[in-house]
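Going by our numbering, the first residue of the sequence shown is number 499, and it counts up by one from there. Positions of the beta carbon are idealized from the N, C-alpha and C atoms, including for glycine. Only a predicted model underlies this, so the values are computations on that prediction, with no experimental measurement involved. Read the structure below first, then the notes.
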Amino acid sequence: MNIKLIFLGSFLTFFGQIAAQENTISLNKKVENIQVINFESMPHDTISKGITRQWLHGAKGQMAYFHLKKGAHIPMHKHPNEQITYILKGKVKINTIDKGKRKTYIISAGQVIVFPENVSHEFFALENTLDLDVHVPVRQDWLTNELPAYLKKSK
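Right, dumping it as structure tokens:
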């Protein structure tokens, strides 16, 4: 629990001002105020039967919890954002395609994987998993109430 709080605190400090999905801030504005948000009590967006997420963003980055049931799948996708994934609980198999080469990684609780921008990746939950993702810059495709096409295909 202490690692999670330290990690969360570091990102709150890094982002300066953060906002929940329902209370988004203008990304063109200078960050002026610090906000403290109880991330644990934020609502869950249902992605599919086995996947929910909680997320928030600041002016320059965002973070999300993905709650994955064993067997859940997030399909292959890529985005112009760096992604840092920290597996807090559970285990995932991640397939990537980087520079034309397909690679598979097994990432367990306590491990972090960093994806450069535009690297294709997909997730398979090998156990019930809590995944903390950080994206820089903010995922523009998440700022509407519409799920990105790849998440609509999640299982």
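Its chain contains 602, 620 as the residues whose beta carbon lies nearer than 6 Å to that of residue 593, once the 5 sequence neighbours on both sides are disregarded; these appear in chain order. DSSP places residue 558 outside any alpha helix (DSSP H), giving it a letter other than H or E. No residue range can be given for residue 570, since it is assigned to no alpha helix (DSSP H) and is classified by DSSP as neither H nor E. By alpha-carbon distance to residue 645, the top candidate from 591, 544, 577, 600 is 544. Around the CB of residue 616, fewer than 16 other CB atoms lie within 10 Å, so the residue is classed as exposed.
Collapsing the DSSP output to three states places residue 650 in a helix.
When only Cα atoms are considered, residue 587 and residue 634 end up about 23 Å apart.
Its Cα nearest to that of residue 547, the residue 626 stands out among 574, 626, 561. With a threshold of 16 other beta carbon atoms within 10 Å, residue 560 meets it and is buried.
Look at residue 538 here: in three-state DSSP terms it is helix. Taking C-alpha positions only, residue 550 is separated from residue 564 by approximately 6 Å.
Apart from sequence neighbours up to five positions away, the residues of its chain that approach residue 618 with a beta-carbon distance below 6 Å are 574, 576, 595, ordered along the chain.
The beta carbon of residue 579 sits closer than 7 Å to those of 615, 633, 634, 635, 637, all from its chain and outside the five residues before and after it, given in chain order.
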